[in-house]
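Enquirer: Questions regarding the structure given below will be posed in turn.
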Amino acid sequence: MTDLLRIEALSVTYPRSKKPALASVSLSLAPGKKLAIIGESGSGKSTLAHAIAGLLPRGSSVSGAIAWPALGHPAIPGADFGMVFQDPGASLNPVLRIGEQIAEGAQRHLGLDWREAERRALELLRAVQIPQPEAALRAYPHQFSGGQRQRIAIAAAIAAQPRLLVADEATSALDTLVQAEIVSLLTHLVESQDMALLFVTHDIALAARLADRIAVMHDASLVEIGPTRAVIDTPQSAYTRHLLSTHIDLADPPRIARPAS
Ligand SMILES: Nc1ncnc2c1ncn2[C@@H]1O[C@H](COP(=O)(O)OP(=O)(O)OP(=O)(O)O)[C@@H](O)[C@H]1O
Ligand SMILES: [Mg+2]
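The opening position of the sequence shown corresponds to residue 3 in the working numbering, with each subsequent residue numbered one higher.
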């Protein structure tokens, strides 16, 4: 299958920084597949996501290649990929009604007229399970909870039916129950709409539940990439083994902690 995204020897150094934040990273993602990027804080996960999305600060020094073979053209933000961030406030405009924010992408990239785009926004609010979606179209972001805002940000990110959704710690700021709901929503959306997912997280258990493949980053480099089960069961790099040993037993995660008697 032709890859959707292919990254070759990508290196990034931020302006005024001497040390690269990404050092010769190569990976690929097939259409419709889910890839988790894991690694500790500062390892370069967001830098990779931002490089893919074209969001690196001006003046960054970038080498290597980011190609979109299945598209046959450079990816257009919003149309070919959508992005959600840790803080849904970062992707939603506080002074624009929800309906306008979602419909805008559909109108711009799918060539819909305003009424059709608004109908699509309504459909998306239903898909991300926002209660009373008709009323939500006319509401503002602050009228929703953090978890609901993240659902709305996801709806806006996929409004133009992109081939890839990039989620950078999109569930990290949410409590465990809401996090689980958003993860199952994301899984359902990408599978039902044949979208690929690049999911950045420092939570290995979450990555293992969600992804087809896991990429492990350490100190600006990709130290391992492979099918989820293989990375968890037979990690090839010493760093991945270390990461796994510092986390809960993935084969037998604790369910509910019992108070000591
Ligand atoms: N805009 C920036 N300018 C300069 N340096 C940056 C910038 N953004 C990130 N860095 C540096 O680049 C390195 C990689 O950062 P990055 O944000 O990619 O890590 P991360 O794996 O996403 O971490 P976290 O889990 O904390 O989000 C870090 O050393 C960080 O300090
Ligand atoms: Mg980050």
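Glycine is no exception: its CB is placed at the ideal position from the N, C-alpha and C atoms.
All figures in this text were calculated on a predicted structure; none of them were measured in a lab.
I think Leu139 touches Gly101, with their Cβ atoms under 8 Å apart; what is that distance to the nearest whole Å?
Expert: At roughly 3 Å, the Cβ-Cβ gap stays under 8 Å, so Leu139 and Gly101 are in contact.
Enquirer: Collect the residues with a C-beta less than 7 Å away from any heavy atom of ligand 2 and give them in sequence order along the chain.
Expert: After applying the 7 Å Cβ criterion, the set is Lys47, Ser48, Asp170, Glu171, Val202.
Enquirer: Which same chain residues end up closer than 7 Å to Pro59 when comparing Cβ atoms and leaving out the 5 residues on each side of it in sequence?
Expert: Counting only Cβ-Cβ distances below 7 Å, and skipping sequence neighbours, we find Tyr16, Pro17.
Enquirer: Quick one: residues in its chain with C-beta nearer than 6 Å to the C-beta of Ser48, no 5 flanking neighbours on either side, listed in chain order?
Expert: For Ser48, where only same-chain residues beyond five positions count, the Cβ hits under 6 Å are Asp170.
Enquirer: Buried or exposed for Ala117, please, with buried defined as at least 16 other CB atoms from any protein chain shown within 10 angstroms of its CB.
Expert: Residue 117 is actually Arg in this sequence, not Ala. By the 10 Å Cβ count, Arg117 comes out exposed.
Enquirer: At the level of alpha carbons, what is the spacing between Leu224 and Pro143?
Expert: Computed Cα separation, rounded: 37 Å.
Enquirer: Work out the CA separation of Ile132 and Arg151 for me, nearest whole Å.
Expert: C-alpha separation (whole angstroms): 9 Å.
Enquirer: Is it buried or exposed for Leu7, if we count other Cβ within 10 angstroms and need 16 for buried?
Expert: Leu7 should be labelled buried.
Enquirer: Let me know if Val64 comes out buried or exposed under the rule of 16 or more other beta-carbons within 10 Å of its beta-carbon.
Expert: Result: exposed.
Enquirer: Below 8 Å, how does it come out for the region 185-198 and the region 153-167: are there three or more Cβ pairs, yes or no?
Expert: Cβ pair count under 8 Å is three or more, so yes.
Enquirer: Looking at the structure shown, is Ser63 part of a helix, part of a strand, or coil, going by DSSP?
Expert: Reduced to three states, the DSSP call for Ser63 is strand.
Enquirer: Report all residues from its chain with a CB closer than 6 Å to the CB of Gly149; omit the five preceding and five following residues, and keep chain order.
Expert: Cβ within range, chain order: Leu176, Val180.
Enquirer: Once DSSP output is grouped into helix, strand and coil, what is the label at Ser30?
Expert: If DSSP states are grouped into helix, strand and coil, Ser30 belongs with the strands.
Enquirer: Under the three-state reduction of DSSP, which class applies to Thr15: helix, strand or coil?
Expert: Correct three-state label for Thr15: strand.
Enquirer: Ignoring anything shorter than 4 residues, give me the alpha helix (DSSP H) runs that lie fully in the region 139-220, in order along the chain.
Expert: You should have 148-159, 178-194, 206-212.
Enquirer: When the distance is taken between beta carbons, is Arg99 closer than 8 Å to Ala141?
Expert: Taking 8 Å as the Cβ cut-off, Ala141 and Arg99 qualify as a contacting pair.
Enquirer: Specify whether the region 36-43 and the region 196-216 touch according to this definition: at least 3 beta carbon pairs, one from each stretch, less than 8 Å apart.
Expert: Yes: at least three Cβ pairs fall under 8 Å.
Enquirer: Alpha carbon to alpha carbon, how far is Met197 from Pro71?
Expert: So the alpha carbons of these two residues sit roughly 15 Å apart.
Enquirer: Can you list, in chain order, the residues of its chain whose CB lies under 7 Å from that of His111, leaving out five sequence neighbours each side?
Expert: Cβ neighbours of His111 beyond the five flanking positions: Gly80, Ala81, Ala162.
Enquirer: Tell me Val225's beta-bridge partners as DSSP assigns them.
Expert: DSSP lists no partner for Val225.
Enquirer: Hey, could you find the ends of the alpha helix (DSSP H) Ala38 is sitting in?
Expert: That residue, Ala38, is in no alpha helix (DSSP H); its beta strand (DSSP E) goes 36-40.
Enquirer: Expressed to the nearest angstrom, what Euclidean distance is found between the alpha-carbon atoms of Glu42 and Leu246?
Expert: So the alpha carbons of these two residues sit roughly 12 Å apart.
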